Every structure is written in structure tokens, then in C-alpha cells.
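Engineer: Those letters in the sequence shown? Residues 1 to 475, per my numbering, in order. Built from N, CA and C at the ideal position, the CB exists for glycine as well. The model shown is predicted, which means the values in this text are computed figures rather than measured ones.
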Amino acid sequence: MSQSFDVIVIGCGPGGYIAAIRAAQLGFKVACIDEWKNAAGGPAPGGTCTNVGCIPSKALLQSSEHFEHARHHFADHGISTGEVTMDVTKMLARKDAVVKQNNDGILYLFKKNKVTFFHGRGSFASAADGAYVVKVTGAQTADLSAKQVVVATGSSARQLPAAPFDEMNILSNDGALRVGAAPTKLGVIGSGVIGLEMGSVWRRLGAEVTVLEAMPTFLAAADESVAKEALKIFTKQGLKIELGVKIGEITNGKKGVSVAYTNAKGEAAQLEVDKLIVSIGRVPNTQGLNAEAVGLKLDDRGAVVVDDECRTNLPGVWAVGDVVRGPMLAHKAEEEGVAVAERIAGQHGHVDLGIVPWVIYTSPEIAWVGRTEQQLKADGVAYKAGQFPFLANGRARALGDTTGFVKVLADAPTDEILGVHIIGPMASELIAEAAMAMAFKASAEDIARICHAHPSLSESTKEAALAVDKRTLNF
Ligand code: FAD
Ligand code: NAI
Numbered sequence: 001m002s003q004s005f006d007v008i009v010i011g012c013g014p015g016g017y018i019a020a021i022r023a024a025q026l027g028f029k030v031a032c033i034d035e036w037k038n039a040a041g042g043p044a045p046g047g048t049c050t051n052v053g054c055i056p057s058k059a060l061l062q063s064s065e066h067f068e069h070a071r072h073h074f075a076d077h078g079i080s081t082g083e084v085t086m087d088v089t090k091m092l093a094r095k096d097a098v099v100k101q102n103n104d105g106i107l108y109l110f111k112k113n114k115v116t117f118f119h120g121r122g123s124f125a126s127a128a129d130g131a132y133v134v135k136v137t138g139a140q141t142a143d144l145s146a147k148q149v150v151v152a153t154g155s156s157a158r159q160l161p162a163a164p165f166d167e168m169n170i171l172s173n174d175g176a177l178r179v180g181a182a183p184t185k186l187g188v189i190g191s192g193v194i195g196l197e198m199g200s201v202w203r204r205l206g207a208e209v210t211v212l213e214a215m216p217t218f219l220a221a222a223d224e225s226v227a228k229e230a231l232k233i234f235t236k237q238g239l240k241i242e243l244g245v246k247i248g249e250i251t252n253g254k255k256g257v258s259v260a261y262t263n264a265k266g267e268a269a270q271l272e273v274d275k276l277i278v279s280i281g282r283v284p285n286t287q288g289l290n291a292e293a294v295g296l297k298l299d300d301r302g303a304v305v306v307d308d309e310c311r312t313n314l315p316g317v318w319a320v321g322d323v324v325r326g327p328m329l330a331h332k333a334e335e336e337g338v339a340v341a342e343r344i345a346g347q348h349g350h351v352d353l354g355i356v357p358w359v360i361y362t363s364p365e366i367a368w369v370g371r372t373e374q375q376l377k378a379d380g381v382a383y384k385a386g387q388f389p390f391l392a393n394g395r396a397r398a399l400g401d402t403t404g405f406v407k408v409l410a411d412a413p414t415d416e417i418l419g420v421h422i423i424g425p426m427a428s429e430l431i432a433e434a435a436m437a438m439a440f441k442a443s444a445e446d447i448a449r450i451c452h453a454h455p456s457l458s459e460s461t462k463e464a465a466l467a468v469d470k471r472t473l474n475f
């Protein structure tokens, strides 16, 4: 006999747990299933984001940045320290405690919202009379049924066939967050978001980091001017970034990992490292779902096929987050989770994938929303650009962090903001104003006419908006 619910959510990452909470707020009886286990075998809701993604990576970025500041920048403020050392074990324990706070927070929120949590794997068993039976196996076993099912099973790191993850020497994001001591030499394959964030953490802690990237251009998804500035800064910080490489044989031995590759000039080269992070993108998690049992349609990458509103080919079955098309970002997954819960309730949930902000939490941070200058050119859009350097911002000078700039791109005939690109201090926070402006279809002049607090980094966004009309006041 199955337990009956209005909505079953499979997967408890940011897409799933937020969908479950919103559905419960709307009055539905909701079950959420997740198989992630903590070190003690207990439930660890929160998915990739909480356990081996956004949260632990930001904890390590913060710790390593404090370390770097103490070693290299405190003296500028007149602060002298003795020898500054890093206890990596303590840093990792702090990171684990932050993760646990988030796991516990989700279980608390489920209790508060009366969402029933099942710890185990959820897989489709059958469909009859418009309802689906989902089997839970693993730590808990149960048969659940509901007319509405939300698939939010997320993604996993893509492996190189020649170099399977052993999480000792060849590391996915999971192993990269658990290295017990800073390696002397660290290799990274893929100069995407994970490669840059995790490469930065271990570089700050003393590793000599080499990043091997297949593409001839650095950070191709970012605005070209931002990517160019970032490459210059990261190289100066000590990250060795080689573009346009072709990875060959990888040997995982007792002493470390040896990577044979062809460099951009076509020459054979070899990289010897203690640890190798492979961060070459992620693949959707659909293997455990038993999608065939109900005829759920997957594409050739294994992603669940959905329309613009996250509807699958099956009535009442939805899918959100990393397991579907679109950027693999926690906030995108959350927005889709909310929108689906609202659609189930007959409301009009909406997610605009054109204004999902991106942030790379390196130092300086990189953030953008909307289209890049190269995209606007490719789309044949007439645009105006305004740029303002943090060097000319009083707060940035007081902080002692004047790297980078804010760039605003606006439609030439209407002045509507089409993209905002930031490299510099607290770009992750500054980008929210730009996303809000774009959601309200604001013009550059709208931002330029809003009173921004002084001294604040946000004045740089206002000045960049003024620069669109060639009338900056402080530069
Ligand atoms: P997930 O978070 O992957 O959650 C899916 C859950 O479903 C998992 O718990 C999984 O165990 C469970 N599951 C899968 N199959 C089943 C099944 N059959 N039964 C039961 N449970 C199942 N994004 C950002 O926006 N900002 C960041 O700073 C950021 N940093 C990141 C850093 C790293 C190192 C990584 C790897 C990713 C980062 N991301 C970041 C991306 C972010 O983690 C994902 O976009 C986000 O977690 C996707 O959410 P989701 O709910 O779709 O899937
Ligand atoms: P990514 O897609 O960001 O970058 C992968 C990089 O690897 C690309 O530059 C690609 O050209 C390169 N690559 C692919 N195959 C290669 C090969 N064989 N040899 C050499 N280079 C190769 O993927 P990444 O870094 O694994 O991250 C996955 C996703 O996780 C991100 O796209 C993002 O969606 C999410 N994420 C988000 C973060 C954030 O929001 N701050 C932080 C970390 C991850």
C-alpha cells in the first residue's frame, strides 16, 4: 500500500527543497526524497550545493582569503602579525560545520512547513490513473504515490574516460574540497568556474597551480573585457593558465599524477602534479530514476526534456535545476522550483533565463547578468557601453581593493540595460542591483538617476550607467 501525497519531489538540492517548501506553503501535502548521506550515514539534504558545491567552496574561499589577507595585506593597514600559519584540518572542520548547519536548516524548514522527508533513492515504479508510484529504497524504504512529481535530481561531475576520479589523486569537486594538506603541485583540467575557484583556494594555501584548458579563449562565457582582465590578474596572482591544450594520456601513480598534453603551439608537453582536479563540466543525474518505467523523456545527454515551464512529456511530471537545460546554478534551480510549485497550484510562476546572474567567487569576484558585448555584436544589436573603474571609487580605495570595473551595456535606441559585467570587490553583491534593474526593464539612465549611498562600491554601477551617456562624474 503506497502512502499518498499531492506532490512528490525527487532530490533535495536547491531546486527540490525549495519546490517542496513552496508547494507546502501553497497547501499541498508534500514528500521530498533524497539519498545523500553524511559521514555518519545520516541524511544530508541540500544536494550538491550544500554538500559539495556552493556552500563548502565558499567556506574554503573565505578561509583561504583571510589567510592571504593576513599574510600579504594586513601590513598595509598597519597590522603586524607573527608568522601566519594555516591549520588545514581546522579549516576543513569549519567548512564541514557550515555544511551541517545548512543540512540541519533544511530539515528544520521541512518540519516547519510540514514537508515529509524520505532518506533514500527515489525511482519511478509505475503510472496509473494519472498518478505515479515512486519507490524509496536505501536508508528508508517506502512506496509513495502522487499526481504531481517534481524531478530535481541535479548533476554530477563529468569524468575524463582516461582519468576516473579516485578522490585521492584525481579529484572531482568533492575530493577538491577535502584535500587534507595543500598539495605542492596542483593540476586543474578545465578553467571554468570550479577550476578557478578551487585553483584559487589551493594557490592561496601555497600550491603551485597549473590550469589546462581546451578552449583557445579564457572564460568564453564572460564578457571579453572581463575575461581579459581576469586572465591578467589570475596570472599575476600565480595561477599558470594554459589555453588551447589537448589532453592526452593521464597516469595516476603512487607519487602523483602525470598528464601528457599538446599545447596551443602543437608541442607535446607533460605536467607532473601531486593532485589533479578535473573540472570539465557536469552531467545530469537521471540514472537512478528508472525513467523508462513511466516513459519520461530524456535527451542524449541524459537530461530530462522540459519546455519553458519545466513540464516534461508526462502530465503532472516536472523537472527543475541541473537535471534540465539552462545554466547549472543554485539560484536558477530555486527559481524553477518556486515557479513549478506555483504552476501546480494553478498560478503563473515565471523564470526569465535571460536574467540569471552568474558569479565566480575568485578574488577579484566576477559577476554578470544579461548579454555580453560579443553576444550583442553577434546578435546585431546596436548598443552603448559605459565603464567605470573601481580605482576611481572612494570605498574601493578605503577597502584597499581597487581592481576591476563595472560595465553597463544598454540598447542604443531605447537605453534599456542589456547586460552588466563586473570584475572587482563584492561583485557578487553588486550584481543584484543590475539583475533587479533588468527585471524591471530599467534604462541606464534609471540607474544613473537613483541616489546611491556614499561611499559605497555600488556608486561604481551608477557611474558606469552615467558613462553610457558619457557623463561620469568621478572619472
Ligand atoms: P543538486 O544540488 O545536485 O541536488 C540534487 C539532489 O538529488 C542531490 O542531493 C542528489 O543526491 C539527489 N538525487 C539524485 N538522484 C536521486 C534519486 N534518484 N533519488 C533521491 N535523490 C536523488 N551554483 C551557484 O549558483 N553558486 C555557486 O557558488 C555554486 N558553486 C558551486 C561549486 C561547486 C564546487 C559545484 C560542484 C557546484 C556549484 N554550483 C554553484 C552549482 C550548484 O551546486 C548547482 O547548480 C545546484 O546544486 C543545482 O541544484 P539542483 O537542486 O538542481 O541539484
Ligand atoms: P564549466 O563548464 O564552468 O567549465 C569547464 C571548463 O572545462 C570549460 O572551460 C571547458 O572548455 C573545459 N573543458 C572541457 N573539456 C575539457 C577537456 N577535455 N580538456 C580541457 N578542458 C576542458 O564546468 P565546471 O568548472 O566543471 O563547473 C560546472 C558547473 O558548476 C559550472 O558550469 C557552474 O554551472 C557550476 N558552478 C557554479 C559556480 C558558481 O556559480 N560560482 C561555482 C562552481 C560551479
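Are there any heavy atoms of ligand 1 lying less than 7 angstroms away from the beta-carbon of LYS58, as far as the coordinates show?
Structural biologist: yes
Engineer: According to the neighbour-count rule (16 or more other Cβ atoms, all chains shown, within 10 Å of its Cβ), is HIS73 buried or exposed?
Structural biologist: exposed
Engineer: Between which two residues does the alpha helix (DSSP H) harbouring ILE366 extend?
Structural biologist: Taken as a continuous stretch (DSSP letters only), ILE366 belongs to no alpha helix (DSSP H), being part of the beta strand (DSSP E) at 365-370.
Engineer: Going by CA-CA distance only, name the one from ASN474, GLY337 and LYS441 that's closest to LEU26.
Structural biologist: Of the candidates ASN474, GLY337 and LYS441, the one whose C-alpha sits nearest the C-alpha of LEU26 is GLY337.
Engineer: Report the residue ranges of all alpha helix (DSSP H) runs contained in full by the segment 416-445; include only those spanning at least 4 residues, in chain order.
Structural biologist: 427-439
Engineer: Got a sec: does ligand 1 put a non-hydrogen atom nearer than 7 angstroms to the Cβ of ASP469?
Structural biologist: With a cutoff of 7 angstroms, ASP469 does not count as near ligand 1, since its C-beta is closer than that to no heavy atom of the ligand.
Engineer: What first and last residue would you give for the alpha helix (DSSP H) that runs through TYR108?
Structural biologist: 88-113
Engineer: What residue ranges within the segment 126-176 form continuous alpha helix (DSSP H) runs of no fewer than 4 residues, ordered along the chain?
Structural biologist: 173-176
Engineer: Quick check on the DSSP output: what are the complete alpha helix (DSSP H) runs of length 4 or more inside the segment 193-230, in order along the chain?
Structural biologist: 193-204
Engineer: Going by DSSP, what residue range makes up the beta strand (DSSP E) through PRO284?
Structural biologist: 282-284
Engineer: Using the C-alpha atoms, what's the distance from ILE170 back to ALA162?
Structural biologist: 11 angstroms
Engineer: Tell me the DSSP secondary structure of GLY42 in three-state form.
Structural biologist: coil
Engineer: Is GLU65 near ligand 2, judged by its Cβ being under 7 angstroms from some heavy atom?
Structural biologist: No; taking the cut-off as 7 angstroms, the Cβ of GLU65 has no heavy atom of ligand 2 nearer than that.
Engineer: Hey, could you find the ends of the beta strand (DSSP E) THR262 is sitting in?
Structural biologist: 256-262
Engineer: Count the other C-beta atoms from every protein chain shown that fall within 10 angstroms of the C-beta of GLY192, then say buried if there are 16 or more, exposed otherwise.
Structural biologist: Buried.
Engineer: Kindly list the residues whose CB is nearer than 6 angstroms to the CB of SER64, restricted to its own chain and excluding five residues on each side of it in sequence; keep chain order.
Structural biologist: Excluding the 5 residues flanking it on each side, SER64 has same chain C-beta neighbours closer than 6 angstroms at VAL201, ARG204 and LEU205, in chain order.
Engineer: Rounded to a whole number of angstroms, what is the C-alpha to C-alpha distance between LEU430 and LYS254?
Structural biologist: 46 angstroms
Engineer: Identify which residue in ALA59, GLY386 and ALA146 has its Cα closest to the Cα of ASP129.
Structural biologist: Considering only alpha carbons, the answer is ALA146.
Engineer: Check whether the Cβ atoms of GLY419 and LEU409 sit closer than 8 angstroms, and answer yes or no.
Structural biologist: yes
Engineer: How about PRO56 and VAL99: do their beta carbons lie closer than 8 angstroms?
Structural biologist: yes
Engineer: Can you name the residues that DSSP bridges to GLU272?
Structural biologist: In DSSP, GLU272 forms a bridge with SER258.
Engineer: Do you know how far the Cα of ASN38 is from the Cα of VAL52?
Structural biologist: 11 angstroms
Engineer: Do you know whose CA, among THR184, MET198 and GLN159, lies nearest LEU177's CA?
Structural biologist: With distances taken between Cα atoms, LEU177 lies closest to MET198.
Engineer: With contact counted as at least three CB pairs below 8 angstroms, one residue from each stretch, are the segment 300-307 and the segment 235-242 in contact?
Structural biologist: no
Engineer: Counting only the same chain and skipping the five closest in sequence on each side, list residues whose C-beta sits under 8 angstroms from that of GLY400.
Structural biologist: HIS73, ASP76 and HIS77
Engineer: When every heavy atom of ligand 2 is checked, does at least one fall within less than 7 angstroms of the C-beta of ILE189?
Structural biologist: yes
Engineer: So, ILE277 versus LEU160, is the Cβ gap smaller than 8 angstroms?
Structural biologist: no
Engineer: Our contact map puts PRO44 next to VAL115 with C-beta atoms below 8 angstroms; I'd like the distance itself, whole angstroms only.
Structural biologist: Reading off the sequence, residue 44 comes out as Ala, not Pro. Actually they do not touch by this definition, with Cβ atoms about 16 angstroms apart.
Engineer: Could you work out which residue in GLN374, ASP96 and PRO14 is closest to LYS228 when comparing CA atoms only?
Structural biologist: GLN374
Engineer: For ASP34 and LYS236, what's the separation of their Cα atoms in angstroms?
Structural biologist: 43 angstroms
Engineer: Looking only at its chain, what residues have a beta carbon closer than 8 angstroms to the beta carbon of ALA427, apart from the 5 residues adjacent to it on each side?
Structural biologist: VAL359, PRO364, GLU365, ILE366, ALA367 and GLY404
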